[in-house]
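Structure record follows, encoded as structure tokens.
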Amino acid sequence: ERFKPLARESWTNSPQGGGRSTPLLPNMKCLYEVLGVARDADDETIRKVYRKQALVWHPDKNQNRKEEAEERFKEIQNAYEILSDKHERAWYDNHRDAILRSDQQYQGGGSFSGDFSGSSARPRDVNLYQFFSNRCYNGYHDGPKGFYFVYAEVFSKLAAMEVDAYRQRSVQEDLRELDDFPEFGNSETEWKSVQAFYASWLNFTTVQDFAWMDEYHTGTAPNRKVRRLMEEENKKLRKLAKREFTESVRQLASFVKKRDKRVTKYQ
Numbered sequence: 001e002r003f004k005p006l007a008r009e010s011w012t013n014s015p016q017g018g019g020r021s022t023p024l025l026p027n028m029k030c031l032y033e034v035l036g037v038a039r040d041a042d043d044e045t046i047r048k049v050y051r052k053q054a055l056v057w058h059p060d061k062n063q064n065r066k067e068e069a070e071e072r073f074k075e076i077q078n079a080y081e082i083l084s085d086k087h088e089r090a091w092y093d094n095h096r097d098a099i100l101r102s103d104q105q106y107q108g109g110g111s112f113s114g115d116f117s118g119s120s121a122r123p124r125d126v127n128l129y130q131f132f133s134n135r136c137y138n139g140y141h142d143g144p145k146g147f148y149f150v151y152a153e154v155f156s157k158l159a160a161m162e163v164d165a166y167r168q169r170s171v172q173e174d175l176r177e178l179d180d181f182p183e184f185g186n187s188e189t190e191w192k193s194v195q196a197f198y199a200s201w202l203n204f205t206t207v208q209d210f211a212w213m214d215e216y217h218t219g220t221a222p223n224r225k226v227r228r229l230m231e232e233e234n235k236k237l238r239k240l241a242k243r244e245f246t247e248s249v250r251q252l253a254s255f256v257k258k259r260d261k262r263v264t265k266y267q
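Okay, so the sequence shown: first residue is 1 according to full-length UniProt numbering, each after it adds one.
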């Protein structure tokens, strides 16, 4: 008889969106739906539709509903920026369902969910997908909800999670020394520090062990053979989750770099 898996929570914010499926939120929109194009639309079609939509919803042409137009125009710009970039579109396509399941309140909030202090901070608690959108910040400034404030907080908390995980694991394991995590900084941060930040995070690898991804409790194995099978399955799940989280963080760094005015200034 095949061994029974552990009961698993519904993890809306996990890197894999694991556990039971979470219904798509009614107010969340697929980027293809935002532009009104098919998911297999070619670049030229996306470009033409974007230009048409941008003209229709440009705030200057909608003075009688300016607030609505500004929000819609921003939404259209975000969809086009992602879908017109070959790399970002591919990543979006692979993560579309998880992104659409992202908690609605964070699409314009720009903050992490839950308690991220100490050992409670784990990748499964983090909804990174909310930050792959220009809707998580409002303008390129250092104030609350500004681009530099929001992403400084994001990467600061990601770094804190890694440091906590390293400290916990290093008690029982012989780990290599953890590299420093350069800070994101603010709008006035010098170029050298900005370069160091992206050089580090674009090559990020998590030290989290993803033990919570285990599907089988090896202590319940009836014999050594079954226990080994359980361990192998758990190891595969941990490896997959670790790779997915690492890739998501790297992709976020790439997403932010492309939109960072400090970077475009020197390119």
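Where a beta carbon is used, it is the ideal one built from N, C-alpha and C, also for glycine.
H87, buried or exposed, once every other Cβ within 10 Å from all chains shown has been counted against 16: So H87 ends up on the exposed side.
V263 and V194 closer than 8 Å at C-beta: Against a cut-off of 8 Å, the Cβ pair of V194 and V263 comes out as a contact.
Three-way DSSP call (helix, strand, coil) for F131 in this model: Three-state result, F131: helix.
Assigned secondary structure, F181 (DSSP; H/G/I helix, E/B strand, else coil): In the displayed model, F181 falls within coil according to three-state DSSP, outside both helix and strand.
Start-to-end residues for the alpha helix (DSSP H) that takes in Q195: From DSSP, the alpha helix (DSSP H) with Q195 extends over 191-201.
Cβ neighbour criterion (16 or more within 10 Å) applied to R72: So R72 counts as buried.
Neighbour-count burial assignment, V207, 16 or more Cβ in a 10 Å radius: So V207 ends up on the buried side.
Assigned secondary structure, E153 (DSSP; H/G/I helix, E/B strand, else coil): Three-state result, E153: helix.
Pair within 8 Å by beta-carbon distance, Y151 and F184: In terms of Cβ geometry, Y151 and F184 form a close pair [threshold 8 Å].
D142 versus A221: straight-line alpha-carbon distance, rounded: Going by C-alpha positions, D142 is about 54 Å away from A221.
Local conformation of S147 per DSSP, three classes: The sequence as given places Phe at residue 147; Ser does not occur at that position. Per DSSP, reduced to three states, the secondary structure at F147 is helical.
Simplified DSSP assignment, three categories, for T246: T246 falls in the helix class under three-state DSSP.
Span of the alpha helix (DSSP H), counted from its first residue to its last, around A79: Run containing A79: 66-83, per the alpha helix (DSSP H) assignment.
Nearest-angstrom beta carbon gap, V126 and I76 [assumed within contact, 8 Å]: Under the criterion of beta carbons closer than 8 Å, I76 and V126 do not qualify as touching, at roughly 28 Å.
Length of the line joining the Cα atoms of I82 and R89: Going by C-alpha positions, I82 is about 6 Å away from R89.
Spatial neighbours of residue 295 in its chain, beta-carbon cut-off 7 Å, leaving aside the 5 residues before and after: Not covered by the structure: residue 295. The range shown for the chain is 1 to 267.
Spatially closest choice to K242 from L158, M230, M213, by CA coordinates: Nearest Cα to K242 within the set L158, M230, M213: M213.
Which of helix, strand or coil DSSP assigns to E215: Coil at E215, not helix or strand.
Per-residue DSSP class, three states only, for V56: If DSSP states are grouped into helix, strand and coil, V56 belongs with the helices.
As assigned by DSSP and simplified to three states, the class of R47: Secondary structure of R47 (DSSP, three-state): helix.
Environment of W201 [buried if 16+ CB atoms lie within 10 Å]: Burial is judged here by how many other beta carbons sit within 10 angstroms of a residue's own beta carbon; W201 has at least 16 and is buried.
8 Å Cβ cutoff met for L252 and L55: Contact: no.
N234 versus E247, Y216, T246, residue with shortest Cα-Cα distance: In terms of Cα proximity to N234, the closest of E247, Y216, T246 is Y216.
Secondary structure of A38, DSSP reduced to three states: Residue state, collapsed to three classes: coil.
Assigned exposure category for E68 - 16 Cβ within 10 Å defines buried: Flag for E68 reads exposed.
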